[in-house]
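Protein chains in written order, with this note's numbering: chain Y, 14 to 301; chain F, 470 to 737.
Beta carbons are placed, not taken as given, at the ideal position from N, Cα and C, and that holds for glycine.
None of the values given here were measured: they were computed from a predicted structure.
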């Protein structure tokens, strides 16, 4: 148990180092790295433009840029945002709690709706119920997050609900398929043949088998939720890290973008790994 | 359900046909301005009216559909080729190669790729031409969307390598590239096709999100995402509901894909 936790932690650290390097390399090799929007500011002297180019050249060597970045990270210094002229750490301290709160509420909505529909489809077993649940899921999957955010803004509905509705179809589909698969297991077929009721079947036979896989889905839903949160924060003016990333992208603020990618990677990979550990634990319990 | 599938196929075929015949269907080019008729209401000349710059909305929707419907499959092809290469190599080699490659795939899977997309899209040159912007946007989508498919392909390759026909081919001295070309690839073809088709709506939606955030295809070239961006002026939507046309087209096209692909998604 302790060894597996240690290995997971080690894997997390290696993945984070690779993620940071990949992010830095990706930004560095992207065409246009050497051009800067600041250069287009009217009224800048040729010396100022030259100074901006020099500052950018200092970051052009990827390993050097990354080592410099890691060193700062170890000392709690994530650099300064070029566009907002504030320490990145302060910006993250302000914005991250907003996004995490929104994400938690959105996932609560997504899981409640997704699981309720999946259980409903399992319990009711009506073709119409399944068709209605499938179509509502399909409608939200087919709608871009930005559009749903605009609709919610127009209707003055809570934006968090939009994120929840964008994530729930995946949870519904996965959990419903999982339950359908469970129904074909021999011991469940026997239980059904013996006349075990649907609720008892669900709570005693299906849930213990489905729980480990549903725990793994929690990690994936965090990643999905963060992706959906970005446009919602932008359009609904929520001051979270999604809006910050968009502002940074608009003003081509490299230090802020790299840090945000790194933080988001930390969050999602950490969450997925935690869920993976829990899934293994739950799997062991279920087999025991 | 069969009826729904037929409707979905008809919708996609009509959309593809309209995109191919955009030049003949649209009353004007997507960038042609009717300066005296800016913000015109729908009429016989302009079926969906004109935008703020006097461009025909219907023409822009038809041309926008062409951009999204033709480039999303190309991006899907790129991501499927990458997935086949990465997943195939991992599955074929096994051992530490598989562990390392699948670790990298897990990393890609864990990242919310809208963050990654806007990061990379944001550092593109400022003076990018519209055609270059559309190609780069979809190429980025293709290059960042290979991870889920690579996992499936890797699992498929491992399964195929354990099958009787591969054992028998190996026993007859078949190995290396010939084994991949003659035995592995044909057995992976259904999985690759499923991943290809599943990626298309995902990329159309990703482009729509990027476009709505102002980081998609550059003006004046229209794409469904870019046209959806105009909906931000939502005060005008109630008096001018025809502005919603690009959104309706987008939802109908993606919905048609969802209807056709729901079973494949479950299997994948």
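When C-beta atoms of the stretch 717-724 of chain F are compared with those of the stretch 189-208 of chain Y, fewer than three pairs fall below 8 Å, so the two segments do not count as touching. When C-beta atoms of the stretch 633-642 of chain F are compared with those of the stretch 679-695 of chain F, fewer than three pairs fall below 8 Å, so the two segments do not count as touching. Scanning the stretch 235-278 of chain Y from its first residue to its last, the whole alpha helix (DSSP H) runs of 4-plus residues come out as 254-263. With a threshold of 7 Å between beta carbons, residue 581(F) makes contact with chain Y.
Interface residue (Cβ-Cβ distance to chain Y less than 7 Å): residue 519(F) is not classified as such. For residue 218(Y), there is no enclosing alpha helix (DSSP H), as DSSP marks it with neither H nor E. Nearest CB-CB separation between residue 584(F) and chain Y: below the 7 Å threshold. Residues of chain Y whose Cβ lies closer than 9 Å to the Cβ of residue 681(F) are, in chain order, 157, 158, 159, 160, 162, 163, 244, 247, 248. For the stretch 687-704 of chain F, the residues whose beta carbon sits under 7 Å from a beta carbon of chain Y are, in order, 697, 700, 701, 703.
For residue 631(F), the three-state secondary structure derived from DSSP is coil.
For residue 727(F), a Cβ of chain Y is located within less than 7 Å of the residue's own Cβ. Taking a contact as a CB-CB distance under 8 Å, the pair residue 232(Y) and residue 284(Y) counts as one, their CB atoms being some 5 Å apart. Taking 4 residues as the shortest admissible run, the stretch 539-600 of chain F contains the following complete alpha helix (DSSP H) segments, listed from N- to C-terminal end: 564-579, 582-591. Contact check for residue 610(F) and residue 544(F): beta-carbon distance about 4 Å, within the 8 Å limit, so the pair qualifies.
Annotated three-state conformation of residue 525(F) is strand, per DSSP. Distances from the alpha-carbon of residue 292(Y) to those of 267(Y), 227(Y), 247(Y) put 227(Y) closest.
Collapsing the DSSP output to three states places residue 100(Y) in a strand. Residue 281(Y) belongs to the set of residues whose beta carbon lies under 7 Å from a beta carbon in chain F. For residue 678(F), the enclosing alpha helix (DSSP H) begins and ends at 654-681. Neighbours of residue 677(F) in chain Y, taken as residues at a C-beta separation under 8 Å, are given in chain order as 157, 159, 160. Cβ neighbours of residue 476(F) within its own chain (closer than 6 Å, five residues either side excluded): none. The straight-line gap separating the alpha-carbon atoms of residue 526(F) and residue 686(F) is approximately 17 Å. When CB distances to chain Y are screened at a threshold of 8 Å, the residues of the stretch 545-578 of chain F falling below it are 572, 573, 575, 576, 578, in chain order.
Along the stretch 598-616 of chain F, none of the residues has a CB nearer than 7 Å to a CB of chain Y.
The alpha-carbon of residue 105(Y) is positioned some 13 Å away from that of residue 279(Y). In the structure shown, residue 508(F) falls within a coil segment according to DSSP collapsed to helix, strand and coil. At least one beta carbon of chain Y lies nearer than 7 Å to the beta carbon of residue 591(F).
Cβ contact annotation for residue 497(F) (same chain, cutoff 7 Å, sequence separation greater than five): 525, 528, in chain order. Distance from the Cα of residue 102(Y) is smallest, within the candidate group 115(Y), 206(Y), 85(Y), 252(Y), for 85(Y). When beta bridges are read from the DSSP output, residue 502(F) appears opposite 524(F).
Only those residues of the stretch 255-276 of chain Y whose C-beta falls short of 9 Å from the nearest C-beta of chain F are listed: 255, 258, 259, 261, 262, 263, 264, 265, 266, 267, 270, 271, 273, 274.
Under DSSP, residue 93(Y) takes part in a beta bridge, and its partners are 100(Y). Nearest to residue 218(Y) by alpha-carbon distance, out of 194(Y), 237(Y), 258(Y), 114(Y), is 194(Y). When C-beta distances to chain Y are compared with 7 Å, the residues of the stretch 643-675 of chain F below that value are 674, in chain order. For residue 493(F), the number of other beta carbons within 10 angstroms of its own is below 16, and it is reported as exposed.
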